[in-house]
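From first to last, the protein sequence lines stand for chains G and F. Using my numbering, read the first sequence as starting at -16 and increasing by one per residue. Using my numbering, read the second sequence as starting at -10 and increasing by one per residue. Below is one structure, written out as structure tokens; comments come after it.
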Amino acid sequence: MGMTLAEKILARASGRQSVKAGDFVVASIDLAMTHEGLRGAYPVLKEAGVKKLWDPEKVVNLFDHWVPAPTVQAAIHHKTLRQAAAEFGIRHVYGENAGICHQVLPEKGHVVPGDLIVGTDSHTVTYGAFGAAATGIGYSEMAYVLATGKLWFRTPETIRFQMEGNLPSGVMSKDLLLYLAGKYSAEVAQYRAIEFRGSTAKEMSLSSRMTMSNMSVELGAKFGFFEPDEKVGDFLKGRAKKPYPMIKADPDASYEKVFEVDTSRIEPQVALPSNVDNVQPVSRLGKVTINQAFIGSCTNGRIEDLKIAAGILRGKKVNPQVRLLVIPASWEVYREALKSGILEILVDAGAIICNSTCGPCFGGHMGILAPGERCVASINRNFQGRMGSSEAEVYLGSPATVAASAIEGVIADPRPYLPRFPL
Amino acid sequence: MKNIKGRVWKFGNDINTDLISPGKYLDGTIEEIKGHVLEAVNPRFAKEVQKGDILVAGKNFGCGSSRESAPQALKALGIEAVVAESFARIFFRNAVAIGLAVLACPSVYQSFKEGETLELELEKALVKNLDRNISLKGSSLPREMLDVLNKGGIAPLLKDLFGPGRIG
């Protein structure tokens, strides 16, 4: 019997010929990512008397949730973590001018196909877009990984979304993921791995794949894979820190379920408060006024996201009732958006450009909502209280939908705004 | 692990980590966070919960973030166990990692009213409603997770591995 991507990677990482869904394995970790979550793992390590890490070369630490530090408390955390990283000899350290972890780690070449990666962030699943088995863990488990280099896993069943067709113009991979959440529920992949397959997956840009892998955790998934291909190879050229295999699932691998999805007729979608699977097409939404529109986050803050927003906003103005925040996902994205003129278009339209940070996505800082306010955002979660007041509302949509909504002041279908000549 | 017995607090489906440990308080300490646990769903909970109480919930409990403050704050409030119809996987692992008992038990939500007494025999995955004499069987935890729980979580486990007198 052949193996899925999850089975292949867990077999290799646990030194076995093969594993199957349901098997418990103790696996060696190839890369451990800690953002400010290191502040939770650090005391556990100190308390236990751990003097050195299993392999500081395989650890990346960065700051992204609260940068630059908005409070004294956050500043103290950063100061402590800089000392902790130095104490343990962690060399791969990125500060305030790098960006959000899930964008920075691929950019800096830390993420390669076939690796087993854990991070103190639930959206670590993003690296599945590169064919890595990557998942979020908590601080105590991270302490265990940092000390021993190992962690146990139950080999997950895999479900496959067989996605065929071309996404219509103005419909992004975010819409597709929201459509899947709405149709199959936020628990469809609970404890499971996902493989996103089919012609739609093959055609999709790497950035668009990252959006879907990123949000696979919103479907409950442990891993959210795309099969790595030449697009991954092109991106990693000159970046990858080590050689890697172009790992594929075996043709006779066993899937718990296969969902056939026709992607050619999907419309722009939004998730209504306060669950990611509370989804409707924008066209059926009715009039929903907004106070804030936000384009950014590890889900949709990449160049293609900013580019489609700029295409929609070029020559237009943000509605005076709305504040539009744009947060490039990384410094690299920021610089490219700056040099290519995207930021100028957005600023001319009235957008507020902030430095790269998670910021408002999790209600940490910058762009917090007041009671009774409403935001449409290109982020990954619309939970009650997610972006500030628990009496505020967050709607999720694609960057195109957010841009069109910023113009109209109500949540709007982006398709009438698509430029005839894209940027 | 001995049986756990306590008074039940009930919560519904999709209780996420932002509700349990809101992002706006995340840069604080667990002592600061615990006063805000689930305040948007039930403002009485954090004020009135008592040591030894048990949380019963519907599907997908703990969905969302990997923040360990979610199970930690529940534990700091005195919650002894969470029994839910199903769990999001990161919360489930985190709870075990910090020594908070968790059990998935499909019909638990309909089998309890708030304030009733639940008895949990974790090793056998048995749940009892002592007020109405109902017995339920949950999904047994794998041996590996029970061992971590019996130890009190990962921190004590690491201490055994790396503490004084060990080669670390």
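Backbone N, C-alpha and C define an ideal beta-carbon position, used for all residues, glycine too. Just so we're clear, the structure is a prediction, and the values are computed from it rather than from any experiment.
* Asked: According to a CB-to-CB cut-off of less than 9 Å, which residues of the segment 89 to 105 of chain G neighbour chain F?
  -> G102, T103, D104, S105
* Compute the Euclidean distance between the alpha carbons of G279 (chain G) and L119 (chain F), then round it to the nearest angstrom. => If you number the first sequence from 1, residue 279 (chain G) lands on position 296. If you number the second sequence from 1, residue 119 (chain F) lands on position 130. Going from the Cα of G279 (chain G) to the Cα of L119 (chain F) covers about 50 Å.
* With 16 other Cβ atoms within 10 Å as the buried cut-off, status of F404 (chain G) -> Within the first sequence, numbered from 1, the residue matching residue 404 (chain G) stands at position 421. The residue is exposed, with fewer than 16 neighbouring Cβ atoms inside 10 Å.
* Note down, in chain order, every chain F residue with its Cβ under 9 Å from the Cβ of H60 (chain G). => Within the first sequence, residue 60 (chain G) is the residue found at index 77, counting from 1. Near H60 (chain G) (Cβ distances below 9 Å), the residues of chain F are D16.
* Ends of the beta strand (DSSP E) at H75 (chain G)? -> As a position in the first sequence, residue 75 (chain G) is number 92, starting the count at 1. Run containing H75 (chain G): 75 to 77, per the beta strand (DSSP E) assignment.
* Asked: In or out: E19 (chain G) buried (at least 16 other Cβ within 10 Å) or exposed?
  -> As a first step, residue 19 (chain G) must be located in the first sequence, where it is residue number 36. By the neighbour-count rule (16 or more Cβ atoms within 10 Å), E19 (chain G) is buried.
* Just the C-alpha distance for N274 (chain G) and E69 (chain F), rounded to the nearest angstrom, thanks. => Position 291 of the first sequence, counted from the first residue, corresponds to residue 274 (chain G). Position 80 of the second sequence, counted from the first residue, corresponds to residue 69 (chain F). Cα to Cα, N274 (chain G) sits roughly 42 Å from E69 (chain F).
* Anything in the segment 246 to 278 of chain G with a Cβ closer than 8 Å to a Cβ of chain F? List those residues in chain order, please. => N258
* Option in G:S313, G:V33, G:A(-4) with minimal Cα separation from G152 (chain F) -> Taking the first residue of the second sequence as 1, we reach residue 152 (chain F) at position 163. Ranking G:S313, G:V33, G:A(-4) by Cα distance to G152 (chain F) puts G:V33 first.
* Tell me whether the beta-carbon of A169 (chain G) lies closer than 8 Å to the beta-carbon of S199 (chain G). => Along the first sequence, read from residue 1 onward, the residue named residue 169 (chain G) stands at position 186. Along the first sequence, read from residue 1 onward, the residue named residue 199 (chain G) stands at position 216. Their beta carbons are not under 8 Å apart, which means A169 (chain G) does not touch S199 (chain G) by this criterion.
* Please determine, among G:S372, G:Q263, G:Y110, G:G346, the residue with the shortest C-alpha to C-alpha distance to E356 (chain G). => Position 373 of the first sequence, counted from the start, is the residue given in the question as residue 356 (chain G). It is G:S372.
* Asked: Under the three-state reduction of DSSP, which class applies to R(-5) (chain G): helix, strand or coil?
  -> Walking along the first sequence from the start, residue -5 (chain G) turns up at place 12. If DSSP states are grouped into helix, strand and coil, R(-5) (chain G) belongs with the helices.
* Extent of the continuous beta strand (DSSP E) run through W314 (chain G) -> As a first step, residue 314 (chain G) must be located in the first sequence, where it is residue number 331. Per DSSP, W314 (chain G) belongs to no beta strand (DSSP E); it is in the alpha helix (DSSP H), 314 to 322.
* Which two residues bound the contiguous alpha helix (DSSP H) that contains N83 (chain F)? -> What you label residue 83 (chain F) is simply residue 94 of the second sequence in a count that begins at 1. Element bounds for N83 (chain F): 78 to 86.
* Would a check of beta-carbon distances place V55 (chain F) closer than 8 Å to chain G? -> Start at 1 with the first residue of the second sequence, and residue 55 (chain F) comes out as number 66. Here residue 55 (chain F) is Ser; the residue named in the question, Val, does not match the sequence. Yes, S55 (chain F) counts as interfacial toward chain G.
* Asked: Hey, out of G:Y162, G:M229, G:K205, G:G119, whose CA is closest to S381 (chain G)'s CA?
  -> In the first sequence, counting from the first residue as 1, residue 381 (chain G) sits at position 398. It is G:Y162 whose Cα lies nearest to the Cα of S381 (chain G).
* Which of the three DSSP states, helix, strand or coil, is assigned to Q39 (chain F)? -> Taking the second sequence and counting its residues from 1, one reaches residue 39 (chain F) at position 50. Coil, per DSSP.
* To do: Would you mind reading off the limits of the beta strand (DSSP E) that contains A70 (chain F)?
  => By one-based count along the second sequence, residue 70 (chain F) stands at place 81. Looking at the DSSP string, the run of the beta strand (DSSP E) that includes A70 (chain F) is 70 to 73.
* **Opening and closing residue of the beta strand (DSSP E) in which K34 (chain G) lies** => Position 51 of the first sequence, counted from the first residue, corresponds to residue 34 (chain G). Counting along the chain, K34 (chain G) falls outside any beta strand (DSSP E), and DSSP gives it neither H nor E.
* To do: State yes or no: is the beta carbon of A31 (chain G) nearer than 8 Å to at least one beta carbon in chain F?
  => In the first sequence, counting from the first residue as 1, residue 31 (chain G) sits at position 48. Closer than 8 Å: yes.
* To do: Could you tell me which of G:L321, G:P311, G:L352, G:I325 sits nearest to C341 (chain G), measuring between CA atoms?
  => Residue 341 (chain G) sits at position 358 when you count from the first residue of the first sequence. If we check each option's Cα against that of C341 (chain G), G:P311 comes out closest.
* Asked: Identify the residues that DSSP records as bridge partners of I278 (chain G): which are they?
  -> For the purposes of this step, residue 278 (chain G) is identified with residue 295 of the first sequence, where counting begins at 1. Partner(s): G:V309.
* To do: Decide if V181 (chain F) is buried, meaning its Cβ has at least 16 other Cβ atoms within 10 Å, or exposed.
  => Within the shown structure, residues of chain F are numbered from -10 to 157, placing residue 181 (chain F) beyond reach of any answer.
* Asked: At which residues does the alpha helix (DSSP H) containing S190 (chain G) begin and terminate?
  -> The residue given as residue 190 (chain G) occupies position 207 in the first sequence. From DSSP, the alpha helix (DSSP H) with S190 (chain G) extends over 189 to 198.
* To do: Assuming T246 (chain G) and M146 (chain G) form a contact by the criterion Cβ under 8 Å, report the distance between their Cβ atoms to the nearest whole angstrom.
  => Taking the first residue of the first sequence as position 1, residue 246 (chain G) is located at position 263. Taking the first residue of the first sequence as position 1, residue 146 (chain G) is located at position 163. Yes, T246 (chain G) and M146 (chain G) are in contact; Cβ-Cβ is about 5 Å, under 8 Å.
* Can you list, in chain order, the residues of its chain whose CB lies under 6 Å from that of I79 (chain F), leaving out five sequence neighbours each side? -> To locate residue 79 (chain F), count along the second sequence from 1; it is residue 90. Correct list, in chain order: S55.
* Under 8 Å from the C-beta of Q56 (chain G): neighbouring residues of chain F -> As a first step, residue 56 (chain G) must be located in the first sequence, where it is residue number 73. The contacting residues are D16, G17.
* Asked: Can you tell me where the alpha helix (DSSP H) with N139 (chain F) in it begins and where it stops?
  -> Locating residue 139 (chain F) in the second sequence gives position 150, counting from the first residue. It spans 132 to 140 - the alpha helix (DSSP H) in which N139 (chain F) sits, taken as one unbroken run.
* Reduced DSSP category for Y238 (chain G) - H, G, I as helix; E, B as strand; rest coil -> Translated into the one-based positions of the first sequence, residue 238 (chain G) becomes position 255. In the structure shown, Y238 (chain G) sits in coil (DSSP, three-state: anything other than H, G, I, E or B).
* Asked: So who's on the other strand from Q145 (chain G), going by DSSP bridges?
  -> Taking the first residue of the first sequence as 1, we reach residue 145 (chain G) at position 162. Looking at the DSSP assignment, Q145 (chain G) forms a beta bridge with G:R180, G:E243.
* To do: Would you check if the distance between the CB atom of A86 (chain F) and the CB atom of L109 (chain F) is smaller than 8 Å?
  => Translated into positions along the second sequence, residue 86 (chain F) becomes position 97. Translated into positions along the second sequence, residue 109 (chain F) becomes position 120. Against a cut-off of 8 Å, the Cβ pair of L109 (chain F) and A86 (chain F) comes out as no contact.
* Which class does K290 (chain G) belong to by DSSP, given the choice of helix, strand or coil? -> Within the first sequence, numbered from 1, the residue matching residue 290 (chain G) stands at position 307. Note: K290 (chain G) maps to helix in three-state DSSP.
* E250 (chain G), enclosing alpha helix (DSSP H) - first and last residue -> On the first sequence, residue 250 (chain G) is found 267 positions in, with the first residue counted as 1. Careful: E250 (chain G) lies outside any alpha helix (DSSP H) and carries neither H nor E.
* What's the gap between the Cα of M(-14) (chain G) and the Cα of R121 (chain F)? -> For the purposes of this step, residue -14 (chain G) is identified with residue 3 of the first sequence, where counting begins at 1. For the purposes of this step, residue 121 (chain F) is identified with residue 132 of the second sequence, where counting begins at 1. Cα to Cα, the separation comes out at about 48 Å.
* Proximity to K185 (chain G) [Cα-Cα], best of G:L150, G:I351, G:Y25, G:A(-4) -> The sequence position of residue 185 (chain G) within the first sequence is 202, counting from 1. Of the listed residues, the one whose Cα sits closest to K185 (chain G) is G:L150.
* Asked: Cβ atoms of L129 (chain G) and L268 (chain G): under 8 Å apart, would you say?
  -> On the first sequence, position 285 is the one that residue 268 (chain G) refers to. On the first sequence, position 146 is the one that residue 129 (chain G) refers to. The answer is no: Cβ separation not under 8 Å.
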